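Just so you know, we're using full-length UniProt numbering here: the sequence shown kicks off at 1 and counts up by one.
The block underneath contains the structure these notes are about, expressed in C-alpha cells.
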Amino acid sequence: MAVGEPFLFCGRIVEAYYTNPELDTVAILWSDGDKNREYYVNVDEEDDQFNALLKEWSYESLDECTRNRNENTRQEFRDAFHRYATERNLYGHGDDGTRDFPEGQFPEERLDRLDLIFEYDVSGKWAVERKEQLFKLKLKMFEQDCVKSSKSKTKKAAIRKADTPLEAIKAYAAFVK
C-alpha cells in the first residue's frame with residue numbers, strides 16, 4: 001500500500017487520539033509534508049477508514065496518546081491558573097505591599113482588609129482609619145491604567161462618590177469589563 005492510499009492519512013499519521021469521553025470519535029493528525037492536517041473518524045470496526053487507522057495505530061496507542069494530551073491540557077490549565085493567581089496574589093502571599101509590616105502582623109492585616117470590604121462602618125473608634133483606607137483604595141483604583149486612560153468622567157465620578165469599598169469596587173468593575 002502506498003503512502004496516502006487508500007486514504008490521505010495513511011502512512012502520514014503524526015498523532016491520533018480520542019476526542020470525547022464517549023471514545024467514539026478519533027482525531028487523526030497527519031502531515032502532507034507541508035502542513036499538518038486534522039481528520040476525524042468514527043470508532044467503528046466496520047468502517048474502512050477506522051480499520052486503516054488501526055493498521056498504523058493500536059487501541060493502546062490511541063489510549064496512551066489521549067491520556068498524554070489530556071494531561072498536557074490539564075497541566076497547561078494548572079500553569080495558567082498558577083500564573084493568574086500569582087499575578088493577582090490570590091494565594092495570600094508574595095509581594096502585595098505587606099512586606100513592610102512587622103513579623104506576625106500580616107495575617108491580621110489581611111483580615112483587616114476583608115473587614116474593610118465586608119464590615120465597613122464609618123462610625124465608632126475606627127471611623128477615621130476606615131475613611132482613610134477607603135481613600136487609599138480609591139487612589140489605588142485611579143492609579144490603574146484602565147482608569148487612567150479612560151475618558152469616561154461618569155465612571156471616574158462613580159469611584160470618587162463611592163461611600164463604601166463595595167461601591168468603589170462596583171464602580172471600578174465598569175473599567176475592567
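In this text, a Cβ means the ideal position worked out from N, Cα and C, and glycines have one as well.
Keep in mind the model is a prediction, meaning the values are calculated, not measured.
- Excluding residues up to 5 positions away in sequence, 142, 147, 150 lie with their Cβ nearer than 8 Å to the Cβ of residue 156 in the same chain.
- For residue 26, the enclosing beta strand (DSSP E) has its first and last residue at 25–31.
- The beta carbon of residue 6 sits closer than 8 Å to those of 48, 52, all from its chain and outside the five residues before and after it, given in chain order.
- Distance from the CA of residue 56 to the CA of residue 83, rounded to the nearest whole angstrom, comes to 39 Å.
- Between the stretch 61–71 and the stretch 15–24, the count of C-beta pairs closer than 8 Å reaches three or more; the two stretches touch.
- When rounded, the separation of the alpha-carbon atoms in residue 80 and residue 38 is 26 Å.
- Here the alpha carbon of residue 27 sits roughly 36 Å from the alpha carbon of residue 87.
- Taking 8 Å as the cut-off, the beta carbon of residue 168 is found no closer than this to the beta carbon of residue 174.
- Taking every protein chain shown into account, the CB of residue 166 has fewer than 16 other CB atoms within 10 angstroms, so this residue is exposed.
- Sequence-distant partners of residue 137 (beyond 5 residues in either direction) whose C-beta falls short of 7 Å from its own C-beta, in its chain, are 165, 168.
- Contact between residue 12 and residue 32 is confirmed by a C-beta separation of about 7 Å, below the 8 Å threshold.
- In the three-state reduction of the DSSP assignment, residue 15 falls in the strand class, which pools E and B.
- Closest in alpha carbon position to residue 152, among 176, 133, 130, 131, is 176.
- Separation of residue 67 and residue 29 (C-alpha to C-alpha, rounded to the nearest whole angstrom) is 16 Å.
- Rounded to the nearest angstrom, the gap between the Cα atoms of residue 158 and residue 21 is 48 Å.
- Residue pairing by DSSP puts residue 40 in a beta bridge opposite 27.
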